[in-house]
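Everything below concerns the one structure shown next.
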Amino acid sequence: MGGKNKKKKGRFVEYALAILWLFSAGLGGFFVPHFTDSIPFFKVKRVYVEGTETIPPALIAEEISRLKNNWIFINSGILFSNINKKTGNAVKNVKLERIFTREGVELRVKIEERKPFVTVIRDGDVIFFDRDGFSFQSPYTDQTEPLFYTHDLELIKENFDSVKYIMEVIGRVEHISEAYVTNINTLIYTKEGLKIVLPSLVSLEKEDVNRILKVYNIGMGVREIDLSNHGFAIIRGGDMK
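Residues in the sequence shown are numbered consecutively from 682, following our numbering.
Here's what the structure looks like:
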(Lines of atoms letter the chains of each structure in order from A and count residues from 1; the text may use other names and numbers.)
(Lines give C-alpha, C1' and ligand atoms only; values in the text may rest on other atoms or scores of the structure.)
Protein backbone atom coordinates (compact mmCIF):
# COMPACT_ATOMS: atom_id res chain seq x y z
CA MET A 1 0.00 0.00 0.00
CA GLY A 2 2.82 2.35 0.92
CA GLY A 3 4.48 1.77 -2.48
CA LYS A 4 1.29 2.57 -4.41
CA ASN A 5 0.70 5.74 -2.44
CA LYS A 6 4.26 6.87 -3.16
CA LYS A 7 3.75 6.29 -6.91
CA LYS A 8 0.51 8.28 -6.92
CA LYS A 9 2.15 11.04 -4.94
CA GLY A 10 5.10 11.06 -7.34
CA ARG A 11 2.83 11.39 -10.39
CA PHE A 12 0.88 14.18 -8.71
CA VAL A 13 4.11 16.06 -8.08
CA GLU A 14 5.18 15.56 -11.72
CA TYR A 15 1.88 16.89 -13.06
CA ALA A 16 1.88 19.79 -10.63
CA LEU A 17 5.41 20.71 -11.70
CA ALA A 18 4.39 20.44 -15.35
CA ILE A 19 1.44 22.79 -14.92
CA LEU A 20 3.55 25.23 -12.93
CA TRP A 21 6.24 25.14 -15.62
CA LEU A 22 3.73 25.74 -18.42
CA PHE A 23 2.39 28.76 -16.57
CA SER A 24 5.85 30.20 -15.94
CA ALA A 25 6.96 29.43 -19.52
CA GLY A 26 3.97 31.36 -20.84
CA LEU A 27 4.94 34.35 -18.73
CA GLY A 28 8.65 34.17 -19.36
CA GLY A 29 8.51 33.20 -23.03
CA PHE A 30 10.96 30.28 -22.90
CA PHE A 31 10.76 26.58 -23.68
CA VAL A 32 12.65 23.64 -22.22
CA PRO A 33 12.07 20.52 -24.35
CA HIS A 34 14.16 18.21 -22.20
CA PHE A 35 12.06 19.10 -19.19
CA THR A 36 8.79 17.94 -20.76
CA ASP A 37 10.40 14.83 -22.27
CA SER A 38 10.97 13.46 -18.80
CA ILE A 39 7.34 13.76 -17.65
CA PRO A 40 4.85 10.99 -18.60
CA PHE A 41 1.98 13.50 -18.67
CA PHE A 42 3.29 14.92 -21.96
CA LYS A 43 3.67 11.56 -23.72
CA VAL A 44 1.16 10.47 -26.37
CA LYS A 45 -0.35 7.12 -25.36
CA ARG A 46 -2.33 6.31 -28.52
CA VAL A 47 -2.63 7.63 -32.07
CA TYR A 48 -5.74 7.23 -34.24
CA VAL A 49 -5.25 7.98 -37.94
CA GLU A 50 -8.27 8.67 -40.15
CA GLY A 51 -8.79 9.57 -43.79
CA THR A 52 -5.71 8.02 -45.39
CA GLU A 53 -6.32 6.27 -48.71
CA THR A 54 -2.82 5.75 -50.12
CA ILE A 55 -0.48 7.08 -47.42
CA PRO A 56 0.44 4.38 -44.86
CA PRO A 57 -0.85 5.25 -41.36
CA ALA A 58 2.53 4.03 -40.06
CA LEU A 59 4.14 7.04 -41.75
CA ILE A 60 1.94 9.37 -39.68
CA ALA A 61 2.84 7.51 -36.50
CA GLU A 62 6.52 7.71 -37.42
CA GLU A 63 6.36 11.50 -37.76
CA ILE A 64 4.69 11.75 -34.35
CA SER A 65 7.44 9.55 -32.92
CA ARG A 66 10.07 11.89 -34.40
CA LEU A 67 8.55 14.64 -32.28
CA LYS A 68 9.34 12.46 -29.24
CA ASN A 69 5.66 11.51 -28.80
CA ASN A 70 5.27 14.77 -26.90
CA TRP A 71 1.88 16.35 -27.50
CA ILE A 72 3.21 19.78 -26.53
CA PHE A 73 5.41 19.78 -29.66
CA ILE A 74 2.80 18.28 -31.99
CA ASN A 75 0.32 20.45 -33.88
CA SER A 76 -1.47 20.21 -37.21
CA GLY A 77 0.90 22.70 -38.89
CA ILE A 78 4.04 20.76 -37.99
CA LEU A 79 2.48 17.43 -38.99
CA PHE A 80 1.20 18.90 -42.27
CA SER A 81 4.69 20.15 -43.16
CA ASN A 82 6.55 16.99 -42.11
CA ILE A 83 4.16 14.55 -43.78
CA ASN A 84 4.20 16.53 -47.02
CA LYS A 85 8.00 16.39 -47.08
CA LYS A 86 7.73 12.59 -47.02
CA THR A 87 4.85 12.30 -49.50
CA GLY A 88 5.71 14.93 -52.11
CA ASN A 89 2.94 17.34 -50.98
CA ALA A 90 0.24 14.67 -51.24
CA VAL A 91 -1.63 15.96 -48.17
CA LYS A 92 -4.20 18.72 -48.57
CA ASN A 93 -5.13 19.18 -44.93
CA VAL A 94 -4.39 17.84 -41.45
CA LYS A 95 -6.68 18.13 -38.45
CA LEU A 96 -5.46 17.21 -34.98
CA GLU A 97 -7.49 16.52 -31.86
CA ARG A 98 -6.01 15.91 -28.39
CA ILE A 99 -8.05 13.66 -26.13
CA PHE A 100 -7.14 13.67 -22.43
CA THR A 101 -7.92 10.38 -20.68
CA ARG A 102 -7.02 8.77 -17.38
CA GLU A 103 -4.38 6.73 -19.17
CA GLY A 104 -2.84 9.78 -20.82
CA VAL A 105 -3.19 11.83 -23.98
CA GLU A 106 -4.54 10.32 -27.20
CA LEU A 107 -4.17 11.96 -30.61
CA ARG A 108 -6.77 11.75 -33.35
CA VAL A 109 -5.19 12.71 -36.68
CA LYS A 110 -7.47 13.27 -39.68
CA ILE A 111 -5.69 13.35 -43.04
CA GLU A 112 -7.17 14.74 -46.26
CA GLU A 113 -5.16 13.45 -49.20
CA ARG A 114 -4.92 15.16 -52.56
CA LYS A 115 -6.74 13.11 -55.19
CA PRO A 116 -4.99 12.73 -58.56
CA PHE A 117 -6.96 14.27 -61.40
CA VAL A 118 -4.25 14.22 -64.07
CA THR A 119 -1.05 12.16 -64.33
CA VAL A 120 1.78 14.03 -66.09
CA ILE A 121 5.10 12.57 -67.23
CA ARG A 122 7.93 15.06 -67.63
CA ASP A 123 11.37 13.73 -68.57
CA GLY A 124 10.60 10.45 -66.82
CA ASP A 125 9.29 12.06 -63.62
CA VAL A 126 5.69 11.40 -62.59
CA ILE A 127 3.77 14.46 -61.40
CA PHE A 128 0.15 14.38 -60.29
CA PHE A 129 -2.27 17.30 -60.38
CA ASP A 130 -5.41 17.49 -58.30
CA ARG A 131 -8.58 19.11 -59.63
CA ASP A 132 -7.45 22.50 -58.31
CA GLY A 133 -4.29 22.35 -60.42
CA PHE A 134 -1.98 21.73 -57.43
CA SER A 135 0.95 19.46 -58.33
CA PHE A 136 2.35 16.71 -56.08
CA GLN A 137 4.66 13.71 -56.41
CA SER A 138 3.47 11.01 -54.09
CA PRO A 139 5.30 7.67 -54.18
CA TYR A 140 2.07 6.07 -52.92
CA THR A 141 -0.22 7.25 -55.75
CA ASP A 142 -0.80 5.09 -58.83
CA GLN A 143 -0.65 6.46 -62.37
CA THR A 144 -3.97 6.66 -64.17
CA GLU A 145 -4.71 6.98 -67.88
CA PRO A 146 -4.65 9.08 -69.89
CA LEU A 147 -1.01 9.97 -69.30
CA PHE A 148 -0.04 13.52 -70.28
CA TYR A 149 3.53 13.80 -71.60
CA THR A 150 5.28 17.17 -71.72
CA HIS A 151 8.70 18.81 -71.45
CA ASP A 152 7.17 22.01 -70.06
CA LEU A 153 5.30 21.59 -66.78
CA GLU A 154 4.46 25.30 -66.70
CA LEU A 155 2.39 24.80 -69.85
CA ILE A 156 0.17 22.46 -67.85
CA LYS A 157 0.05 24.68 -64.76
CA GLU A 158 -0.70 27.94 -66.57
CA ASN A 159 -3.38 26.43 -68.80
CA PHE A 160 -5.00 24.01 -66.41
CA ASP A 161 -8.53 24.98 -67.48
CA SER A 162 -7.67 23.62 -70.94
CA VAL A 163 -6.50 20.37 -69.33
CA LYS A 164 -9.85 20.20 -67.53
CA TYR A 165 -11.67 20.57 -70.86
CA ILE A 166 -9.73 17.61 -72.24
CA MET A 167 -10.32 15.47 -69.15
CA GLU A 168 -14.02 16.27 -69.20
CA VAL A 169 -14.40 14.98 -72.75
CA ILE A 170 -12.04 12.05 -72.22
CA GLY A 171 -14.34 10.89 -69.44
CA ARG A 172 -17.02 10.39 -72.12
CA VAL A 173 -14.74 8.83 -74.76
CA GLU A 174 -13.41 5.27 -74.52
CA HIS A 175 -9.90 4.02 -75.25
CA ILE A 176 -7.95 7.30 -74.99
CA SER A 177 -4.62 6.39 -73.42
CA GLU A 178 -2.22 9.33 -73.68
CA ALA A 179 -1.72 12.94 -74.69
CA TYR A 180 1.37 14.90 -75.72
CA VAL A 181 1.39 18.58 -74.77
CA THR A 182 3.68 21.02 -76.60
CA ASN A 183 3.77 24.73 -77.33
CA ILE A 184 2.64 24.00 -80.91
CA ASN A 185 -0.26 21.60 -80.43
CA THR A 186 -1.83 18.91 -78.26
CA LEU A 187 -1.81 15.32 -79.54
CA ILE A 188 -4.22 12.72 -78.20
CA TYR A 189 -3.90 8.99 -78.95
CA THR A 190 -6.40 6.18 -78.53
CA LYS A 191 -5.40 2.60 -77.75
CA GLU A 192 -6.33 1.68 -81.31
CA GLY A 193 -3.75 4.13 -82.66
CA LEU A 194 -6.05 6.99 -83.73
CA LYS A 195 -4.28 10.35 -83.46
CA ILE A 196 -6.31 13.48 -82.67
CA VAL A 197 -4.60 16.84 -83.14
CA LEU A 198 -5.82 19.79 -81.05
CA PRO A 199 -4.53 23.36 -80.71
CA SER A 200 -1.93 24.13 -78.04
CA LEU A 201 -3.31 24.43 -74.51
CA VAL A 202 -2.63 28.17 -74.72
CA SER A 203 -5.27 28.68 -77.43
CA LEU A 204 -7.44 25.63 -76.80
CA GLU A 205 -11.15 26.36 -76.40
CA LYS A 206 -13.81 24.15 -74.91
CA GLU A 207 -15.58 23.85 -78.26
CA ASP A 208 -12.37 22.49 -79.83
CA VAL A 209 -12.40 19.63 -77.37
CA ASN A 210 -16.13 18.98 -77.66
CA ARG A 211 -15.66 18.33 -81.38
CA ILE A 212 -13.79 15.15 -80.42
CA LEU A 213 -17.17 13.65 -79.51
CA LYS A 214 -18.41 14.20 -83.06
CA VAL A 215 -15.49 12.68 -84.94
CA TYR A 216 -13.42 10.30 -82.80
CA ASN A 217 -15.53 7.26 -83.71
CA ILE A 218 -15.66 8.09 -87.41
CA GLY A 219 -14.21 4.72 -88.47
CA MET A 220 -13.31 4.11 -92.15
CA GLY A 221 -9.72 3.24 -91.22
CA VAL A 222 -8.99 6.83 -90.22
CA ARG A 223 -5.58 7.17 -88.53
CA GLU A 224 -5.54 10.91 -87.84
CA ILE A 225 -8.08 13.67 -87.22
CA ASP A 226 -6.73 17.21 -87.17
CA LEU A 227 -8.88 19.65 -85.17
CA SER A 228 -6.18 22.26 -84.69
CA ASN A 229 -7.76 24.80 -87.07
CA HIS A 230 -10.76 25.52 -84.80
CA GLY A 231 -13.26 25.72 -87.67
CA PHE A 232 -13.03 22.33 -89.42
CA ALA A 233 -11.57 18.81 -89.25
CA ILE A 234 -8.90 17.35 -91.51
CA ILE A 235 -9.12 13.55 -91.83
CA ARG A 236 -6.08 11.55 -92.90
CA GLY A 237 -5.57 7.89 -93.71
CA GLY A 238 -9.21 6.95 -94.16
CA ASP A 239 -10.92 4.75 -96.71
CA MET A 240 -13.09 7.26 -98.59
CA LYS A 241 -15.01 4.73 -100.76
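The beta carbon of each residue, even a glycine, is placed where N, CA and C say it ideally should be.
Are the CB atoms of Leu894 and Val854 within a distance shorter than 8 Å? yes
Locate the beta strand (DSSP E) running through Ala860, then write down its first and last residues. Ile857 to Val862
Suppose you measure from the CA of Val799 to the CA of Asp842; what does that come to, to the nearest Å? 12 Å
Start-to-end residues for the beta strand (DSSP E) that takes in Glu839: Premise fails: Glu839 lies in the alpha helix (DSSP H), Leu834 to Glu839, not in any beta strand (DSSP E).
Note the first and the last residue of the continuous beta strand (DSSP E) segment covering Ile869. Asn866 to Thr871
Compute the distance between the beta-carbons of Arg789 and Lys773, then report whether it is under 8 Å. no
DSSP three-state label for Gly758, please. helix
Taking the DSSP output, what are the residues bridged to Arg917? Glu905
Taking Tyr846 as the reference, which of His856, Tyr830, His832 and Thr867 has the closest Cα? Thr867
Cβ-Cβ separation, Glu835 to Lys791 (assumed contact under 8 Å), whole Å: About 33 Å; that fails the 8 Å criterion.
Local Cβ density within 10 Å of Phe817, reported as buried at 16 or more and exposed below that: buried
Identify every residue that forms a DSSP beta bridge with Ile808. Val801
Could you give the first and the last residue of the continuous alpha helix (DSSP H) run that contains Pro880? Careful: Pro880 lies outside any alpha helix (DSSP H), inside the beta strand (DSSP E) at Lys876 to Pro880.
For the alpha helix (DSSP H) holding Val883, just list the boundary residues, first then last. Run containing Val883: none; DSSP gives neither H nor E here.
For Thr768, which residues of its own chain have a beta-carbon under 7 Å away from its beta-carbon, when the five flanking residues on both sides are left out? Ile736, Ser819 and Tyr821
Looking at Val883: is its Cβ nearer than 8 Å to the Cβ of Asp907? no
Contact belief for Val862 with Phe829 at Cβ below 8 Å, rounded distance in angstroms: 6 Å
Output the boundary residues of the beta strand (DSSP E) element that contains Ile745. Not the beta strand (DSSP E): Ile745 falls in the alpha helix (DSSP H), residues Pro738 to Arg747.
Close beta carbons around Ser757, own chain, < 8 Å, minus the five adjacent residues each side: Val775, Lys776 and Leu777
Tyr821 - DSSP class collapsed to helix/strand/coil: coil
For Val890 and Ile915, the rounded distance between their alpha carbons: 15 Å
Of all the options His911, Glu886, Gly912 and Glu873, which has the alpha carbon lying nearest to the alpha carbon of Arg904? Glu873
Tell me which same chain residues have a C-beta within less than 8 Å of the C-beta of Ala742, skipping the five on either side of it? Val728 and Val730
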